[in-house]
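Q:
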Amino acid sequence: MKALVFGSGMRIRGGSPAAPKQPWKSVASAPRRDAVPRQGFSPREPQGLKAPNFPIRNAALEGPLFHGTAEFRGMTKVLIIVLAIWSMTSLFAGWATAQVTFDRLVNSGKEPQNWMTYSGDYSGKRFSALDQINTTNAHSMVAKWVYQTAATGKLETTPLVVDGILYATAQDDRAFALDARTGRPIWMYQRQIPSDIRPCCGHVNRGLAILGDKVFLGTLDAHVIALDAKTGAVIWDATAADYRTGHSFTVAPLAVKNWIVIGISGGEYGVRGFIDAYDADTGERKWRFYTVPGPGEPGHDTWAGDSWKVGGAPAWNTGTYDPATNQIFWPTGNPAPSNRGDGRAGDNLYSNSLLALNADTGKLNWYFQFTKHDEHDWDATQVPVMIDAGGKKLIAQADRNGYFYVIDRTTGKLISATPYGKTTWSDAKDADGRPIANQQASPTLEGHTVCPGALGTTNFMAPTYDPLTGLFYVTARDQCDIFSKAPQPYEAGHAFYGSAYFPSEESEPYLGFLKAIDPATGGVKVKFQHTSPTWSGALSTAGGLVFSGDAEGNFIAFDAASLKPLWHFQMGGAVYAAPMAFAVDGKEYVAIAAGSAVYAFGLP
Amino acid sequence: MFRRWLVGAVGLVFLGVVMHATAQNPLASDPKAAKAGEYEFRINCALCHGLGARGGGRGPDLTRAVKKHTHSDADMFQVISNGIPGTAMPANGTNGQGVGMTDEEIWQIITYIRSQEVKAPATPLGNAAHGRELFYGDGNCALCHMVEGKGGRLGPDLTGVGGSRTRESLIDSVRNPSRRLAWGLTEATKEFPQEYESVTVVTADGKEIKGVTLNEDSFSVQIMDTGEHIHLLEKDKLRSFQKSRQSAMPKYDADVLSDKELEDIVAFLVSVGAK
């Protein structure tokens with residue numbers, strides 16, 4: 203991999219060789235023309251109206267056109283207004299594009315100091331080209347700052363960093379912006395959420411999207427909102443669905459072109475899943491793809507009777523995007539009810555699938571279903587990581603069902619499926635090489651043991667692919683559960699599992715790992731065993747490091763080749779989030795959320 | 072979707088917000104509500120409290136008419152809503168286990184639990200007074216276990232165990248102590264509690280320490296040795312570190328402790344724990 207030398211001795215590897223030298227060393231101290239006084243202006247008014255000292259607009263009002271008769275003067279008044287509005291809007295748009303443009307997101311490899319999407323780039327690799335912190339000095343890392351959110355429950359956020367400002371979320375739909383060098387807050391937002399929301403798995407949120415001068419938050423009451431990136435003020439608020447029927451958002455949205463793409467949660471309530479795209483400027487919905495096909499649509503016949511109406515297949519983890527083909531890859535979750543297949547005979551498309559959607563229309567190009575007719579709650583909502591290898595354009599996904607899948611992303615055809623943890627549910631593959639469930643796997647009234655358990659070999663925790671080692675790193679656990687059926691009718695807004703499951707009676711404890719998988723073979727090349735299973739995601743960097751956290755509260759830097767820990771820090775709370783890396787003033791930081799706080803680490 | 076991670080216990084920290092329910096269960100003794108509550112129980116509670124509410128070896132047996140933390144239905148509503156601080160019992164809807172319940176669903180569960188309650192046998196199977204003698208005497212239980220402030224520290228404090236475990240699980244713990252290790256420290260944000268694992272380490276200077284694990288992570292371990300000394304150790308500085316799921320508690324076979332004697336000890340624990 204070609205190494206480029208940037209300022210401050212920081213070498214950028216794995217990025218584009220054509221990447222120009224970026225002025226990011228001085229970004230945080232750049233002139234702040236955006237430093238508009240926060241008090242006294244409404245975010246709904248174009249900011250240009252109250253900042254009349256920009257020569258570009260004044261120049262537009264001058265010249266001979268604006269002299270003449272009264273009638274002409276009347277016309278000129280109109281023209282002045284029109285031009286003023288035009289100049290203001292163009293100016294406003296100019297500001298917006300000066301911030302995070304789609305072009306910047308597509309070329310995020312050129313600015314490794316920033317982390318502008320949930321997974322760091324559109325490919326989902328969660329790889330940072332920064333290498334100031336590396337295998338030779340990681341042992342000396344220190345905590346730089348801690349930001350206490352004061353939120354309780356699980357903190358699942360991945361921060362974004364753009365030009366020295368860190369944006370993140372916390373439970374109960376909190377969002378905040380921090381000085382990324384010091385952790386000091388610039389603004390804080392918290393939504394007033396209705397008291398009767400009941401998201402399935404805690405009042406969690408996994409992060410924001412950023413585009414233009416706005417950040418975007420999916421809320422627990424199923425709204426999508428745009429916040430002013432400089433103030434946290436609400437710019438627009440779009441209702442996606444009725445939260446009272448179990449819809450919610452916990453996912454970090456993905457900004458693609460001018461759309462904010464987001465998937466719904468609610469597989470435990472029998473929602474009909476969907477993926478939406480909203481206009482980033484207005485909040486108007488551009489398209490919706492229902493993950494459960496309606497009557498007349500292909501795939502509808504994979505649902506018995508009316509079961510499609512409450513079919514689930516939510517889309518609660520952030521997908522990836524291929525600019526070359528303008529396709530969004532977005533994974534879906536369990537069919538509902540999650541652990542009872544009675545009443546929904548069929549494959550139950552497009553539950554537990556990877557969808558390739560046209561970014562402009564939301565039309566389905568292809569799909570790949572990991573687990574057909576799922577009865578074990580094995581959502582396929584893991585980040586689908588785009589990998590180019592051996593001249594092939596691939597997607598690698600470590601699935602909750604215990605298999606590591608490699609898929610051709612131009613066709614959706616399966617290339618390989620290999621177990622990477624303890625599995626008992628399949629002992630055969632179909633003609634395409636897809637593992638198929640054995641007869642014994644279905645839950646029974648009395649209950650019986652299946653591996654992996656309902657939490658899966660992995661879950662939502664973000665994996666990472668390191669192009670330098672060529673390895674795919676994923677948090678995994680070995681745990682089996684006893685699955686039993688419990689008749690449970692659908693009732694709007696009520697939990698709809700159709701079953702219960704229990705940890706098996708094994709005396710052995712459940713095991714947790716960080717595993718490095720070679721996508722070429724599907725084999726686990728090296729692994730690290732945690733003290734107990736963890737929910738932490740992982741980050742790889744060009745410094746030869748992989749970062750991850752554990753349930754005991756440690757943040758750990760591993761040698762990417764050996765997974766030997768080189769450094770660790772006790773954060774005092776379990777990790778349910780994934781790390782990311784950024785740089786400000788020529789200094790590299792690695793950040794992660796743990797307990798109720800966000801931590802940033804760096805060199806002394 | 073991701074849910075029901077074991078006793079996440081994250082919600083335990085919700086102190087202060089104590090919702091006072093109406094004193095009366097509006098669904099009391101309603102058989103339909105009890106049936107609905109059975110399903111809710113399976114989904115939300117059975118993970119720890121077991122099918123049929125008889126205790127899963129982790130959570131207490133709720134079929135006992137006398138409960139440690141709850142007496143009235145209103146108490147029970149409060150405990151289900153807010154959890155029990157300092158224990159693995161989480162607040163409703165906050166632990167990621169299940170989607171959380173509505174008030175109505177909580178009352179259904181209470182109705183179900185009440186329908187499953189069995190009265191304690193009129194005459195206890197064992198002799199509690201004799202059980203106390205054995206516990207503190209020839210049974211050697213108190214060498215490692217405390218009851219009401221008296222006894223050893225190496226094993227779990229058994230003061231409340233008679234109120235929270237079934238007779239069967241207590242007997243099993245004595246006869247087969249390694250079958251299911253007892254839970255120790257529960258941390259607020261951690262998924263799994265620490266278990267009473269046995270541990271043997273050899274320090275850099277060759278000293279061997281045998282004991283039980285108070286807590287552990289990938290880099291350090293906190294041990295209580297058989298002499299009740301606490302050792303705080305960094306793993307990479309040890310010559311060897313070996314954990315075992317063979318309980319430090321000796322297996323009490325019938326030739327060591329007869330069935331009758333064991334019933335007496337259980338009767339003693341119940342007399343204390345179910346107070």
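Protein chains in written order, with the working numbering: chain A, 203 to 806; chain B, 72 to 346. Built from N, CA and C at the ideal position, the CB exists for glycine as well. Because the structure is a prediction, the values reported are computed rather than measured.
(1) Span of the alpha helix (DSSP H) holding A:D579?
(2) Three-state secondary structure (DSSP) at B:I177?
(3) Check each candidate in A:G485, A:N603 and A:K594 and name the one with the smallest Cα separation from A:Y622.
(4) Can you check which of these residues, A:E486, A:V473 and A:K488, is closest to A:G513 by C-alpha distance?
(5) If we count Cβ pairs, one from each stretch, closer than 8 Å, do we get three or more for the segment 98 to 116 of chain B versus the segment 679 to 690 of chain A?
(6) Considering only the alpha carbon of each residue, which of A:G593, A:A619, A:T626 and A:I437 lies closest to A:T612?
(7) A:L307: which of A:N339, A:V344, A:L362 and A:R679 sits nearest, CA to CA?
(8) Helix, strand or coil for A:F243, going by three-state DSSP, please let me know.
(9) Nearest-angstrom Cα distance between A:W489 and A:H696?
(10) Classify A:N640: buried if its beta carbon has 16 or more other beta carbons within 10 angstroms, exposed otherwise.
(11) Taking 8 Å as the CB-CB limit, is A:G751 close to chain B?
(12) To the nearest angstrom, how far is the alpha carbon of B:T134 from that of A:K432?
(13) In this structure, how does DSSP classify B:H302 when only helix, strand and coil are distinguished?
(14) Please compile the residues from chain B whose C-beta is within a distance smaller than 7 Å of the C-beta of A:A779.
(15) What span of residues does the alpha helix (DSSP H) with A:L379 cover, start to end?
(16) For B:F263, which residues in chain A fall below 8 Å Cβ to Cβ?
(17) What does A:Y699 reach in chain B if we use C-beta pairs closer than 7 Å?
(18) Assess, as a yes-or-no matter, whether the segment 314 to 321 of chain B is touched by the segment 237 to 252 of chain B under the definition of 3 or more beta carbon pairs within less than 8 Å.
(19) Just the Cα atoms here: how many angstroms apart are A:S654 and A:G714?
(20) Output the residue ranges of the beta strand (DSSP E) runs that lie fully inside the segment 542 to 566 of chain A and measure 3 residues or longer, sorted by chain position.
(21) Is any beta-carbon of chain B found at less than 8 Å from that of A:Q599?
(22) Which same chain residues end up closer than 6 Å to A:R542 when comparing Cβ atoms and leaving out the 5 residues on each side of it in sequence?
(23) Label A:A795 either buried or exposed according to how many other C-beta atoms from any shown protein chain fall within 10 Å of its C-beta, with 16 as the threshold for buried.
(24) To which residues of the same chain is B:L328 closer than 6 Å at the C-beta, ignoring the five residues directly before and after it?
(25) Closest Cβ-Cβ distance between B:Y110 and chain A: below 8 Å?
(26) Applying the 10 Å Cβ sphere with the 16-neighbour rule, what's the burial state of A:S467?
(27) Based on the DSSP output, what are the partners of A:K631 in its beta bridges?
(28) According to DSSP, simplified to helix, strand and coil, what is A:T447?
(29) Please identify the residue among A:A457, A:T527, A:S397 and A:P495 whose C-alpha is closest to the C-alpha of A:G475.
(30) How long is the line joining the alpha carbons of A:Y320 and A:L380, rounded to whole angstroms?
(31) Please confirm whether A:L559 and A:L566 have their CB atoms less than 8 Å apart.
(32) Smallest Cα separation from A:T384: which of A:A785, A:S798 and A:G797?
(33) Beta-carbon separation of A:S450 and A:L422 under 8 Å?
(34) Looking at A:A517: is its Cβ nearer than 8 Å to the Cβ of A:I477?
(35) Compare the beta carbon distance of A:L413 and A:A482 with 8 Å and say whether it is the shorter of the two.
(36) The beta strand (DSSP E) with A:K729 in it runs from where to where?
A: Here's the rundown:
(1) Neither: A:D579 is in no alpha helix (DSSP H) and is coded neither H nor E.
(2) helix
(3) A:N603
(4) A:V473
(5) yes
(6) A:G593
(7) A:L362
(8) The predicted position of A:F243 is uncertain, since its pLDDT is 32 and thus under 50; a value taken from the coordinates is nonetheless stated next. Note: A:F243 maps to coil in three-state DSSP.
(9) 28 Å
(10) exposed
(11) no
(12) 57 Å
(13) strand
(14) The contacting residues do not exist; A:A779 stays about 12 Å from chain B at best.
(15) According to the sequence displayed, residue 379 of chain A carries Ala and not Leu. Run containing A:A379: none in the alpha helix (DSSP H); it sits in the beta strand (DSSP E), R376 to D381.
(16) P711, Y712, S734, P735 and A753
(17) I114
(18) yes
(19) The amino acid at residue 654 of chain A is misidentified as Ser; the sequence shows Pro. If I take the Cα positions, the gap works out to 12 Å.
(20) 555 to 560
(21) no
(22) K687, G700 and S701
(23) buried
(24) none
(25) yes
(26) buried
(27) A:P637
(28) helix
(29) A:P495
(30) 17 Å
(31) yes
(32) A:A785
(33) yes
(34) yes
(35) yes
(36) V726 to Q731
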